[in-house]
Structures are given as structure tokens and as C-alpha cells.
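Peer 1: Residue numbers (our numbering), protein chains in the order written: chain W, 2 to 709; chain H, 9 to 160.
Note that beta-carbon positions come from the ideal geometry of N, C-alpha and C, so glycine has one too.
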């Protein structure tokens with residue numbers, strides 16, 4: 002057996018100078034080294050992670066142990082942290098069982114029991130414990146890439162190991178984080194190549210190697226794409242045409258590519274009796290069109306879009322729901338026992354904006370009830386996107402629309418024995434032009450509802466209804482899709498799920514445009530939209546902080562938020578990701594309008610989700626009052642950033658750059674200050690301000706939700 | 009300016025008329041403008057003529073309606089109730105207009121294309137590719153647009 006194994010830990014081990022680091026060398030000091038706040042960007046798996054408290058110490062990035070950004074970073078690679086205030090040890094566990102231990106005051110990190118030196122030790126600054134980020138990333142087998150003004154931590158493809166098992170060839174590809182992959186198969190007259198691509202993964206070991214094992218003759222590993230979101234491709238050269246399947250192994254951080262000559266061998270090698278190793282035919286065999294006529298018949302192709310093999314497994318409790326677009330993620334209590342479907346691979350890009358490619362069917366609706374709640378499980382033929390809305394008191398209704406979905410069979414009224422549920426309906430809400438299946442829940446009292454794929458079963462969408470009111474600041478609407486959560490569900494269900502819990506104190510401000518995209522221009526007044534939006538956003542940030550909010554800016558300079566040389570879609574999605582990953586309470590995008598005509602003037606606030614209209618109207622009113630700009634009203638329209646953020650979101654078009662009067666105003670800092678003050682006041686009026694200290698009630702304002 | 013296939017004013021009672029919708033600047037108000045079209049134009053040829061007229065602007069030039077950037081070209085293909093409009097030229101490189109004009113462009117395009125019987129949805133592509141927004145734009149176009157898209 003030939004193996005190509007790369008272990009990034011070797012380098013770290015060479016750096017090890019201490020033999021044991023589990024005993025702290027120095028007691029914690031209340032006054033640690035200086036932490037200089039920074040707005041440097043941090044990227045993990047192509048996702049910008051928003052840190053609330055990112056700083057620089059001794060030239061390296063550090064963050065607080067309880068920073069939401071750190072939790073999001075760990076979750077992105079299937080890891081979680083465990084730390085109790087007042088203790089010295091921070092344990093970080095990864096889905097595959099890897100254990101990383103930081104000790105306060107010790108400049109060595111323990112990686113699976115092996116101490117590895119760090120430039121400096123975790124430390125206390127004031128009452129907060131800070132961890133160095135780069136050693137943490139390396140301990141997690143993340144590559145550290147250079148990036149202007151920030152840090153890019155890229156999971157690695159760490160090994161490619163072929164072996165032969167009977168008549169089939171198996172190539173195991175291991176990564177440093179839960180894998181998502183695409184497979185493709187190419188035949189030509191002289192070459193047969195199976196390529197498995199891993200979006201978001203890099204490699205420091207690109208190159209080709211001969212591997213004469215079974216049907217495989219060689220492997221080529223290459224990396225492409227931007228440094229912030231590279232793709233590593235493993236191309237396996239084959240002796241001749243073959244069938245293949247891929248199966249997730251090793252807690253999700255490895256994939257076995259099973260290669261066989263025919264379907265009988267393939268199925269024999271991937272027994273359905275092993276639920277964790279169910280094979281999925283990612284791509285049907287492409288019979289080469291150039292085959293000569295006397296070539297023996299190609300093996301039977303695996304049918305496209307095969308029905309996922311389902312292996313019902315006896316279980317006494319429900320698998321966890323991996324939420325999508327919602328804020329909480331605890332599994333429903335024992336007692337509800339929906340069937341557990343086998344896991345399948347989740348090929349597809351990681352972008353949260355990726356829509357499902359085709360219409361999917363809902364083939365089954367089942368209900369499992371426990372005293373504390375109900376779970377509705379919808380079985381799907383593939384990934385779907387959905388949108389949910391909740392009406393507050395007194396309606397307390399909830400509905401979820403699944404896009405591009407066809408309900409197989411008639412509309413259903415789900416019967417529930419629970420007193421707090423009046424009615425649940427599943428129906429084909431629309432067929433033309435859009436296919437929408439609606440799940441409508443009418444309770445008898447306030448309920449909390451969570452939506453997401455069921456852990457380990459990305460083709461099952463779970464809706465959990467709990468006998469308790471939602472949090473006072475819970476969002477009234479959200480979006481999600483099973484495409485993304487399918488990836489998040491790969492690691493064990495004990496890990497925290499994305500997105501992070503909503504931070505009720507956090508506002509994300511998005512200054513429109515920037516970098517290569519200046520937006521609208523008024524050369525006569527020397528105005529550039531991207532500069533004006535940043536000026537307003539900076540003032541707005543100051544005003545909101547003065548109110549007591551935490552604020553994250555999607556950009557604080559003249560640059561793109563997305564990956565370098567990224568696409569427009571990546572740029573817009575990156576701005577959404579900042580807010581979604583941070584679990585922001587409210588998202589505000591600031592823009593300046595423009596027209597081919599110099600006549601239009603005034604300010605407009607846009608919203609998309611109907612439940613965001615009240616926020617838009619409140620901010621619009623206060624902005625108009627504060628600045629005196631002409632009121633062009635609030636308008637519902639489908640702008641990307643207010644569609645793909647999962648919290649109340651608005652886009653403010655402050656004034657017209659193309660109008661001489663407005664342009665005169667926009668050139669004055671005092672006007673920009675007034676606009677910012679008005680937006681800040683609108684947010685305060687809508688929310689009642691940031692939450693006060695624990696136990697202190699904060700004023701509540703009606704959300705003003707509108708019925709559909 | 010009128011393009012081939014479209015005549016600004018009705019010329020004969022038997023010549024079919026159809027609306028090209030322009031959008032007023034600074035608002036989302038539509039300005040339906042009837043054009044007589046050649047009887048020989050049906051299907052995608054009719055749609056291409058209408059979109060060409062939309063891109064060319066009103067018969068009498070005016071600054072009161074939103075217009076596609078000069079140099080924008082378009083081709084229309086039909087499949088069932090879906091019209092795919094591929095935009096090319098200057099608009100495919102970078103959009104530097106504002107939000108209200110951007111909405112106006114797509115609203116006028118959607119209303120114009122769906123003014124032909126049997127066409128209800130408009131999928132916009134840019135230089136042959138389905139994209140989430142115009143380059144530099146904000147308005148989502150990766151899903152087919154309908155008249156309902158613009159309902160408040």
C-alpha cells in the first residue's frame with residue numbers, strides 16, 4: 002500500500018521546547034500584556050468571522066475566550082471550546098476527538114497530549130482571558146495564509162491514502178475539518194480521471210504522485226481559487242472506466258472514494274448495513290462517447306439523482322436539529338422518535354447564498370410528540386431553501402415557506418394531542434410560477450419554533466415546536482436552507498451549530514460599496530458613494546456605541562469585504578456573512594442613491610422581509626426628522642443584502658448623489674452626522690435600546706409585524 | 009427613436025399594438041407607451057423587438073424615465089412562460105447607477121416582456137450567465153422576475 006501522508010503537526014512538534022505544559026508556569030496576572038484593538042479581518046473556510054474583541058498582542062492576533070467570533074471560528078471546523086471563568090484550562094475539542102488544551106500562563110499548547118510551543122501564553126487582561134489565534138489555528142490543522150489587513154485560516158487536505166479491498170479500490174482523503182466535496186469523472190481516449198474537489202480547503206502539498214494501487218494509477222493534488230476561499234482538487238487517474246461512490250468517514254473529516262469496475266462490486270463494497278458509511282453515487286458514470294464500437298459495454302451507470310439509501314436505525318431519542326437561520330439549537334427532548342435517515346454527502350459550494358438547483362419533492366410528513374413539544378419532519382428529495390415568519394402577540398402564528406418544493410399528495414392537517422397546538426397545516430401554497438410548500442402553525446399560546454436539518458440527515462427538515470414563548474428579542478423572520486446546514490450537520494451533534502446565537506447587543510453596519518466598486522459618482526462635487534457611505538457609517542457606529550450597542554462594521558476602509566478578486570456574489574454574501582455569523586440583532590446597509598436624471602431627490606429606506614417594514618419605517622422617520630432630507634418613503638424590494646441576512650435588515654438610501662441639492666448636503670459632514678444620528682435614533686426607537694444589565698427590563702416596542 | 013419592428017404611433021387599425029413600459033425616474037411609476045408592431049413579429053422576434061425598443065428609449069427622448077446605459081444590448085429567448093433576457097454591453101461590465109434606477113430598469117423590462125401573452129416570468133442573465141445581481145448592483149436577478157416581484 003502506498004500512502005501519501007502530510008502531517009502539518011511535524012513542524013509544530015519541532016517547535017516544541019517544553020516537555021509538559023499542563024501545569025501552569027505562572028499564575029494569572031490581572032494586568033496582562035497590552036491588547037491593541039484591531040479591525041483586521043479573519044476568514045475561515047471562506048467565511049468572514051466577525052469578532053467583537055479582536056486585538057493584537059506582541060504582533061499576533063488574540064481574542065477573548067467568550068468572543069462570538071471565536072465560537073464561530075471553532076464551529077466552522079467542527080470544534081468547540083470548554084472553559085469556566087476562574088479556571089486556568091481551556092479545552093478545545095474537535096469532531097474527530099482531537100483535544101487541544103491551553104493553559105493560562107503557559108506558553109505551550111497541548112495537542113492530543115503533546116506540548117507545542119507558542120510565542121506567548123494565554124493571559125488575562127482585566128477580567129477577560131485572551132487566547133492567541135494563530136497557534137490555535139495551527140493546532141486545528143488550519144493553514145495560515147497572508148491576506149492584506151487580516152488573517153485567513155484555511156482547512157487543509159492532509160492526506161490521500163489509497164488501498165485495495167478485494168475487488169475495489171478505496172482512496173481515503175482526510176481533511177482538517179468536516180469535508181464537503183464535489184466529484185466529477187472525465188473520460189478521454191487515453192485518460193480516465195476522477196476528480197474530487199473540496200471547496201474552502203487548501204493544501205501546502207500540491208503535486209503529483211504515482212500510486213499503483215488497484216484501479217488507481219496516480220494522484221494529483223492542486224489548489225486553485227482565491228487565498229480566502231481556495232479549492233483543493235484531488236485527481237485520481239484510473240486504469241480504465243469505472244464506477245465510483247463516496248462516503249463520509251472519520252467523523253466527517255474524511256471521505257472514502259470507492260472505485261469499482263461495475264455496480265455489483267461497488268454495492269458489495271459499500272454495505273448498507275453500516276449507516277455511517279452509506280455510499281452516495283455523487284456523479285453517474287459518463288460513458289465515454291469516444292469509445293470504439295467494439296468496446297465492451299460500459300458498466301451500468303449509477304442513475305442520476307439516486308434516492309438516498311435510507312437505513313432506519315433504532316433510536317430512543319431524536320437526533321439534534323441543526324438550525325438554519327434561527328438562533329438556538331438544542332435538540333428536542335427524548336421521547337420524540339422520528340426515523341433517522343442515513344447521511345449523504347453534501348456536494349455543493351459553501352456559499353450560504355447558493356440556491357437549490359432544482360425543484361424538490363416533499364415525500365413524507367411525520368410527527369413525533371413529546372410532552373414538551375412536537376417535531377414535524379419533512380422528508381425531501383434534495384436540498385431546499387426556506388423562509389419563515391412569526392407573528393407576535395396576540396396572533397402568535399408561525400409559518401414556513403419552502404421554496405421550489407412540491408408536496409406529494411394532498412394538503413395535510415397534522416393532528417396534535419398537545420393542548421398548546423391548535424392546528425398545523427402542510428399545503429402547496431403556490432405552484433406557478435413559484436412552487437412553495439407552506440407549513441402553517443397555529444398555537445393556542447406563544448410558542449418557540451426552531452427549524453433546521455436533522456443532524457446526520459440533510460434531506461430531512463425538522464420543525465420543532467416548544468411549549469414556551471420565544472425570547473423577547475427573537476427575530477420575527479428568517480431564511481435558511483438545507484444545503485448549508487447539511488454541511489454543518491456533518492460533525493457530531495455535540496458541537497455548536499451555525500449561525501451563532503443572536504447577540505441582542507450587536508448591530509452590524511454595512512457601508513455600501515468599497516474597493517474596486519466605488520458605487521455612484523458625482524465628479525462635479527467630488528463625491529464617491531463608497532466614501533460617503535463609510536463616513537456616515539463611522540458616525541453611526543460612534544452614535545450606536547454611545548447608546549451602549551456593540552457594533553461591527555462590514556468594512557472600515559476603502560476595500561472589498563469579500564475575498565480578494567472575489568465575484569459580486571461573494572462580495573455581497575460576505576457582507577451578509579458578517580452579520581449572520583455574528584448573530585447580529587439588526588443589520589443596516591448604508592447607500593447613496595443616484596439617477597440618470599438630476600431631478601429625483603430625497604431619502605428612502607428599503608426592506609425585503611415584510612416583518613422588517615416597521616424597522617424601516619421607524620428609521621426612515623427618524624432619519625428624515627434629523628436631517629431634513631425629502632421623504633421618499635419606505636419601499637419593499639429585493640436587494641441582496643437585506644434578503645440574505647437572517648435578522649431584521651434594512652438598506653438606507655440616504656439621498657441622491659445625482660441631485661444638486663442633495664449633493665450639496667452630502668458634501669457636508671454636518672449633514673452626514675445628522676443622517677447617522679437619525680438612523681441611530683430610529684434603531685433605538687425600534688428596539689428600545691440595547692439590553693440593560695441582567696435583571697433590568699428594557700423597554701419593549703411593538704415589532705409591528707404584518708400579516709401575510 | 010423607434011427600432012425596427014416598432015412604430016411609435018398606431019398606423020392602422022389592424023396593426024397590433026403592444027406596450028413598452030418605461031419607468032419614471034425617482035419612483036417606480038410605470039409609463040406604458042403603446043407601439044404598433046409588425047404583424048409578422050411573433051414569439052421571440054416580437055420580444056426582441058420590444059426589448060430593443062425599451063433599450064432605445066421612448067420615441068421622443070426624455071430624461072423623465074429610467075433608461076438602460078448606452079451600449080447595452082439584449083437578446084430574448086422563450087421557453088414556455090419564461091423569457092430569458094441576456095443583457096450585454098456596458099451594463100454587463102459595471103453598474104454605476106442608483107438603487108431606484110436599478111429597480112426601474114428591471115421593472116420596466118419585466119413589464120415589457122410580460123406584456124406579450126403567455127409570458128409570465130423573466131430570467132435575466134448577464135453576458136450569458138445567471139448572476140445574483142448586476143455587477144456593482146444590489147437588486148437580485150438570479151431568480152425569474154414577475155410582475156409580482158415589484159408588488160409592495
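Quick test of your reading: residue 134 of chain W and residue 64 of chain W, contact by CB under 8 Å. State the CB separation rounded to the nearest angstrom.
Peer 2: If you number the first chain from 1, residue 134 of chain W lands on position 133. If you number the first chain from 1, residue 64 of chain W lands on position 63. Their Cβ separation, rounded to whole angstroms, is 6 Å, which keeps residue 134 of chain W and residue 64 of chain W in contact under 8 Å.
Peer 1: Distance, Cα to Cα, residue 36 of chain W vs residue 438 of chain W?
Peer 2: Mapped onto the first chain, residue 36 of chain W falls at position 35. Mapped onto the first chain, residue 438 of chain W falls at position 437. So the alpha carbons of these two residues sit roughly 51 Å apart.
Peer 1: Can you give me the start and stop residues for the alpha helix (DSSP H) that residue 52 of chain H sits inside?
Peer 2: Along the second chain, read from residue 1 onward, the residue named residue 52 of chain H stands at position 44. From DSSP, the alpha helix (DSSP H) with residue 52 of chain H extends over 51 to 64.
Peer 1: Taking 9 Å as the CB-CB limit, is residue 581 of chain W close to chain H?
Peer 2: In the first chain, residue 581 of chain W corresponds to position 580, counting from 1. Judged by the 9 Å Cβ criterion, residue 581 of chain W is not in contact with chain H.
Peer 1: In whole angstroms, give me the CA-to-CA distance for residue 151 of chain H and residue 132 of chain H.
Peer 2: Here residue 151 of chain H refers to the residue found at position 143 of the second chain. Here residue 132 of chain H refers to the residue found at position 124 of the second chain. The alpha-carbon atoms of residue 151 of chain H and residue 132 of chain H are separated by roughly 8 Å.
Peer 1: Under 9 Å between C-beta atoms, does residue 72 of chain H make it to chain W?
Peer 2: Numbered from its first residue, the second chain carries residue 72 of chain H at position 64. Chain W, which has a Cβ nearer than 9 Å to the Cβ of residue 72 of chain H, makes this yes.
Peer 1: Is any heavy atom of the ligand NAD found at a distance shorter than 8 Å from the C-beta of residue 526 of chain W?
Peer 2: Among the components of this structure there are no ligands whatsoever, and the ligand NAD is therefore not found.
Peer 1: Residues of chain W with a CB under 7 Å from the CB of residue 94 of chain H: which are they?
Peer 2: Counted from its first residue, the second chain places residue 94 of chain H at position 86. Chain W residues near residue 94 of chain H: none, gap ~17 Å exceeds 7 Å.
Peer 1: Determine, using beta-carbon pairs with one atom in the region 108 to 115 of chain H and one in the region 70 to 78 of chain H, whether at least three such pairs fall under 8 Å.
Peer 2: As far as the Cβ criterion goes, the region 108 to 115 of chain H touches the region 70 to 78 of chain H, which means the pair count is three or higher.
Peer 1: Measure the C-alpha to C-alpha separation of residue 442 of chain W and residue 410 of chain W and round it to an integer number of angstroms.
Peer 2: Your numbering for residue 442 of chain W matches position 441 in the first chain. Your numbering for residue 410 of chain W matches position 409 in the first chain. Distance between the alpha carbons of residue 442 of chain W and residue 410 of chain W: 19 Å.
Peer 1: The beta strand (DSSP E) with residue 234 of chain W in it runs from where to where?
Peer 2: Locating residue 234 of chain W in the first chain gives position 233, counting from the first residue. Where residue 234 of chain W is concerned, the enclosing beta strand (DSSP E) stretches over 232 to 239.
Peer 1: Can you give me the Cβ contacts of residue 40 of chain W inside the same chain, cut-off strictly under 6 Å, excluding the 5 residues immediately before and after it?
Peer 2: Taking the first chain and counting its residues from 1, the one referred to as residue 40 of chain W is at position 39. For residue 40 of chain W, where only same-chain residues beyond five positions count, the Cβ hits under 6 Å are 557.
Peer 1: Let me check understanding here. Comparing Cα to Cα, which of W:586, W:538, W:560 and W:568 lies closest to residue 675 of chain W?
Peer 2: Residue mapping note: residue 675 of chain W aligns to position 674 of the first chain, counting from 1. Ranking the options by Cα distance to residue 675 of chain W, first place goes to W:538.
Peer 1: Any C-beta of chain W sitting closer than 9 Å to the C-beta of residue 55 of chain H?
Peer 2: Here residue 55 of chain H refers to the residue found at position 47 when the second chain is read from its first residue. Chain W, which has no Cβ nearer than 9 Å to the Cβ of residue 55 of chain H, makes this no.
Peer 1: When the Cβ atoms of the region 664 to 680 of chain W are set against those of the region 640 to 648 of chain W, are three or more pairs found closer than 8 Å?
Peer 2: The region 664 to 680 of chain W is not in contact with the region 640 to 648 of chain W.
Peer 1: I want to verify the contact list: residues of chain W whose CB lies under 8 Å from the CB of residue 157 of chain H, in sequence order.
Peer 2: For the purposes of this step, residue 157 of chain H is taken as the residue at position 149 of the second chain. Simply 639.
Peer 1: Label residue 104 of chain W either buried or exposed according to how many other C-beta atoms from any shown protein chain fall within 10 Å of its C-beta, with 16 as the threshold for buried.
Peer 2: Taking the first chain and counting its residues from 1, the one referred to as residue 104 of chain W is at position 103. Buried, because 16 or more other Cβ atoms sit within 10 Å of the Cβ of residue 104 of chain W.
Peer 1: Contact check, residue 405 of chain W vs residue 461 of chain W under 8 Å by CB: the rounded distance?
Peer 2: Residue numbering aside, residue 405 of chain W sits at position 404 when the first chain is read from its first letter. Residue numbering aside, residue 461 of chain W sits at position 460 when the first chain is read from its first letter. With a Cβ gap of about 17 Å, residue 405 of chain W and residue 461 of chain W do not count as contacting.
Peer 1: Compute the beta-carbon to beta-carbon distance between residue 587 of chain W and residue 658 of chain W, rounded to the nearest angstrom, for a pair I have assumed lies under 8 Å.
Peer 2: The residue labelled residue 587 of chain W in the question sits at position 586 within the first chain. The residue labelled residue 658 of chain W in the question sits at position 657 within the first chain. That belief does not hold up - the Cβ atoms of residue 587 of chain W and residue 658 of chain W are roughly 25 Å apart, past 8 Å.
Peer 1: Tell me whether the beta-carbon of residue 590 of chain W lies closer than 9 Å to the beta-carbon of residue 613 of chain W.
Peer 2: For the purposes of this step, residue 590 of chain W is identified with residue 589 of the first chain, where counting begins at 1. For the purposes of this step, residue 613 of chain W is identified with residue 612 of the first chain, where counting begins at 1. Cβ distance not < 9 Å, so residue 590 of chain W and residue 613 of chain W don't count as in contact.
Peer 1: In angstroms, rounded to a whole number, what distance separates the CA positions of residue 28 of chain H and residue 533 of chain W?
Peer 2: Taking the second chain and counting its residues from 1, the one referred to as residue 28 of chain H is at position 20. Taking the first chain and counting its residues from 1, the one referred to as residue 533 of chain W is at position 532. Distance between the alpha carbons of residue 28 of chain H and residue 533 of chain W is about 36 Å.
Peer 1: State yes or no: is the C-beta of residue 748 of chain W within less than 9 Å of the C-beta of residue 625 of chain W?
Peer 2: A question about residue 748 of chain W goes unanswered here, because the residues of chain W that appear run from 2 up to 709.
Peer 1: Which chain W residues are close to residue 139 of chain H, counting only those with a beta carbon under 9 Å from its beta carbon?
Peer 2: Residue 139 of chain H sits at position 131 when you count from the first residue of the second chain. Result: 568, 569 and 570.
Peer 1: Does the distance from the C-beta atom of residue 455 of chain W to that of residue 466 of chain W stay below 9 Å?
Peer 2: Along the first chain, read from residue 1 onward, the residue named residue 455 of chain W stands at position 454. Along the first chain, read from residue 1 onward, the residue named residue 466 of chain W stands at position 465. Not closer than 9 Å, so no.
Peer 1: Determine the chain H residues that contact residue 657 of chain W at a beta-carbon separation under 9 Å, and present them in chain order.
Peer 2: Taking the first residue of the first chain as 1, we reach residue 657 of chain W at position 656. Within chain H, the residues near residue 657 of chain W are 34, 106 and 108.
Peer 1: Per DSSP, what kind of secondary structure is residue 131 of chain H in: helix, strand or coil?
Peer 2: One-based indexing of the second chain puts residue 131 of chain H at position 123. In this structure, residue 131 of chain H counts as strand in the three-state DSSP scheme.
Peer 1: Closer than 9 Å, CB to CB, is residue 147 of chain H near chain W or not?
Peer 2: Taking the second chain and counting its residues from 1, one reaches residue 147 of chain H at position 139. Answer yes: the Cβ-Cβ gap between residue 147 of chain H and chain W drops below 9 Å somewhere.
Peer 1: Anyone know if the C-beta pair for residue 463 of chain W and residue 401 of chain W falls short of 9 Å?
Peer 2: Counting from 1 along the first chain, the entry for residue 463 of chain W is found at position 462. Counting from 1 along the first chain, the entry for residue 401 of chain W is found at position 400. No. Outside cutoff.
Peer 1: What residues in the region 573 to 607 of chain W have a beta carbon less than 9 Å from any beta carbon of chain H?
Peer 2: Cβ contacts with chain H come from 573, 574, 590, 592, 593, 594, 595, 596, 597, 598, 599, 600, 601, 602, 603, 605 and 607.
Peer 1: Are there 16 or more other CB atoms within 10 angstroms of the CB of residue 430 of chain W, so buried, or fewer, so exposed?
Peer 2: Numbered from its first residue, the first chain carries residue 430 of chain W at position 429. The residue in question, residue 430 of chain W, is buried, as its Cβ has 16 or more Cβ neighbours within 10 Å.
Peer 1: Less than 9 Å between CB atoms is the rule here; does residue 654 of chain W satisfy it with respect to chain H?
Peer 2: Position 653 of the first chain, counting from 1, holds the residue named residue 654 of chain W. It does; some Cβ of chain H falls within 9 Å.
Peer 1: What did DSSP end up calling residue 257 of chain W once you bin it into helix, strand or coil?
Peer 2: Against the first chain, residue 257 of chain W aligns to sequence position 256. Three-state DSSP puts residue 257 of chain W in a strand.
Peer 1: Could you check whether residue 680 of chain W and residue 585 of chain W sit closer than 9 Å to each other, using their CB atoms as the reference points?
Peer 2: Taking the first residue of the first chain as position 1, residue 585 of chain W is located at position 584. Taking the first residue of the first chain as position 1, residue 680 of chain W is located at position 679. Contact: no.
Peer 1: Can you list the residues of chain W that residue 144 of chain H reaches, using a CB-CB cut of under 8 Å?
Peer 2: By 1-based counting over the second chain, the position of residue 144 of chain H is 136. Those within 8 Å of residue 144 of chain H in chain W are 514, 518, 520 and 569.
Peer 1: Considering only the alpha carbon of each residue, which of W:580, W:520, W:523 and W:522 lies closest to residue 503 of chain W?
Peer 2: To locate residue 503 of chain W, count along the first chain from 1; it is residue 502. The shortest C-alpha separation from residue 503 of chain W is found at W:580.
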